[in-house]
Amino acid sequence: MKLPLLLVLFVVAHHSYCADTSFDEEEDEAPLEEGPGARGHRPISRKNEPRPTVRPAPPVISGGGYRSRPTSATTSRSQLQKGPIEYPDEGGCKHADEQLGVLCPTGCQLRTQVLKQETNVRNSIRDLKGNVGKLSHSSNTIYNYVTVLQKTVTDRQRQIQENANVASEYTSELDQQYAFIQKNVDTNIPSSIRVLRSILENLRAKIQKLESAISTQSEYCHTPCTSSCFIPVVSGRECEEIFRKGGDTSEMYIIQPDDFFKPYRVYCDMTSHNGGWTVIQNRQDGSVDFGRRWDLYKSGFGNIAADGGKGFCDMPGEFWLGNEKISQLSKLGPTEIMFEMEDWDGNGAYSRYTGFTVQNEANKYQLSVSGFKGTAGNALLEGAQQLQGENRTMTIHNGMFFSTSDRDNDGWQHADPNKQCSREDGGGWWYNRCHAVNPNGRYYWGGPYSYDMTKHGTDDGVVWMNWKGSWYSMKKMSMKIRPFFQ
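Quick note on numbering: the sequence shown equals residues -18 to -1, 1 to 468 in mature numbering (1 follows the signal peptide of the UniProt record, and there is no 0).
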């Protein structure tokens, strides 16, 4: 739009110039008015001027000078005005605006040229408009893109700052962990190593002691175990009957619960809790391996008693009386059972059940107990008190079948046949999934033990969880039964 406006202003300026030139020429052609000229007569003011006097004049210059002018035909003023007057703007054209008058020929040519260029100029302007529109659209697109980029950069900067903050937190935490690890490496680990070395030395001493005991037992068992000590004459169906017959000394006796079965030796406890107890199981020194099969648990194994130096078998050995005998004794009438245990500091505890029955082999020697009292906790009926809900229920022993490594009757249903309680916990027992008590487990010296000391990583010691927990193996534990009476 600026180019056409400049062309119009140029035309107007040129027309004004032509008009000024025409006006000057018309003044030159106008006739001169007659009047006093520069050399004309001026009247004298007689009041203010003295009368002029005639001064003598010097002689004029004479002699040769210019030659005379050639004569030419004189032209009168009337003759000059007879022909038509030609003006410089003749042949001009009217301006579009009447107030601007007539354009000079040069302006007309310029206008003609401008009109000829108008179409091209309009096309150029139209193209420029299209290009300007495209440029505007491109500018908007670029602006939007720049806006998005600015937002993205802002988000990235914020994210970088957040990442830097997180990295700083993690760096601080790593520094703390490094300081903790460095402290452990420099201080705690060497101290722990010294403690472990001390424990290792103690274990070595215990192992040597155990090896000595095993060697002694091996020599002792080269021949069938026989009792060379005196056996009292008094006997009965069970220890309670012997007690009532006057046998008040704790030692080995002969009993015959049923006339259709041969008599057999048992150890009778005549002192604990008013006496009369028939001992059906005893652990005290780890001299007997309780990891036996079904048939041995059925018939019994171990050493019932030994001579303690008094000339009779007053010291109980480690043994399991046998499931057939235990079942037979529990069915003589109402029977109670007592578990007595002792830790490695000499502290004792007991759990007593006023009802105890073991079914026959056809019923897998199923266990039934009732009526708890004691100080070690009701583990057989209520399970491990450290556990809750279903986990605790899975440690209840009442109602369970007897299991050994070759007869899997426990409550642990697993697709892998090697996953059974008796194999992992060291002996035969009325396992659920798996136990709260484990009197026939592996014998560990010293009491506390850890999973890395075990064969399968389980609490397989001589355990009573409700008194000492899973990872404490008792020094002594025994099971005793007698007829229940008020």
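The C-beta atom is built at its ideal place from N, Cα and C for all residues, glycine as well.
Proximity of Gly284 and Glu300 at Cβ, strictly below 8 Å: yes
Residues near Tyr335 by beta carbon distance below 7 Å, same chain, minus five either side: Glu318, Ile319, Val351, Ser352, Gly353, Phe354, Leu362
Who are the Cβ neighbours of Trp276 in its own chain at under 8 Å, not counting the five residues just before and after it? Thr386, Asp388, Arg389, Gly410
Which class does Glu300 belong to by DSSP, given the choice of helix, strand or coil? coil
Taking the runs of the beta strand (DSSP E) that are 3 residues or longer, which of them lie wholly in the segment 249 to 281? 259 to 265
Where Gly115 sits in the DSSP three-state scheme: helix
For Trp326, which beta-bridge partners are listed by DSSP? Looking at the DSSP assignment, Trp326 forms no beta bridge with any residue, so it has no partner.
Going by DSSP, what residue range makes up the alpha helix (DSSP H) through Glu364? 361 to 364
Same chain, Cβ closer than 6 Å to Ala344, five either side skipped, listed in chain order: none
Would you say Phe338 and Ile463 are within 8 Å of each other, going by their C-beta atoms? yes
Nearest to Asn448 by alpha carbon, out of Tyr160, Ile378, Glu193, Val177? Ile378
Gly371 - DSSP class collapsed to helix/strand/coil: helix
Would you mind sorting Ile175 into buried or exposed? The rule is 16 or more other CB atoms within 10 Å of its CB. exposed
Using a 10 Å radius around the Cβ and a threshold of 16 neighbouring Cβ atoms, would you call residue 474 buried or exposed? Residue 474 cannot be examined here, being either before or after the span of the chain that is shown, -18 to 468.
Would Tyr235 and Gly229 be called neighbours here (beta carbons separated by less than 8 Å)? yes
Alpha helix (DSSP H) containing Glu233: first to last residue? Unbroken run through Glu233 is the beta strand (DSSP E), 233 to 237; no alpha helix (DSSP H).
Alpha carbon of Trp394 to alpha carbon of Lys346, nearest angstrom: 16 Å
Verify the contact flag: Tyr125, CB atom, against every heavy atom of the ligand ATP, threshold strictly below 7 Å. Absence of the ligand ATP from the depicted structure is noted, as is the absence of any ligand whatsoever, leaving it without description.
Where does Gly17 land, buried or exposed, given buried means 16+ other C-beta within 10 angstroms? For Gly17, the predicted model reports a pLDDT of 46, less than 50, meaning its position is unreliable; a value from the coordinates is still stated below. Burial call: exposed.
Contact under 8 Å by Cβ, Ala287 with Tyr249: yes
When the Cα atoms are used, what is the spatial distance from Gly304 to Asp327? 30 Å
Near Lys450, what residues of its chain come up, given a Cβ to Cβ distance below 6 Å and the 5 sequence neighbours on each side ignored? none
What whole-angstrom Cβ distance do Gly429 and Asp271 have, given they're in contact under 8 Å? With a Cβ gap of about 20 Å, Gly429 and Asp271 do not count as contacting.
For Ser460 and Asn166, what's the separation of their Cα atoms in angstroms? 44 Å
C-alpha gap between Leu349 and Phe384, whole angstroms: 8 Å
Quick one: Cα of Gly359 to Cα of Ser232, how far? 27 Å
Please work out which residues of its chain come closer than 6 Å, Cβ to Cβ, to Gln238, disregarding the five sequence neighbours upstream and downstream, and give them in chain order. Pro245
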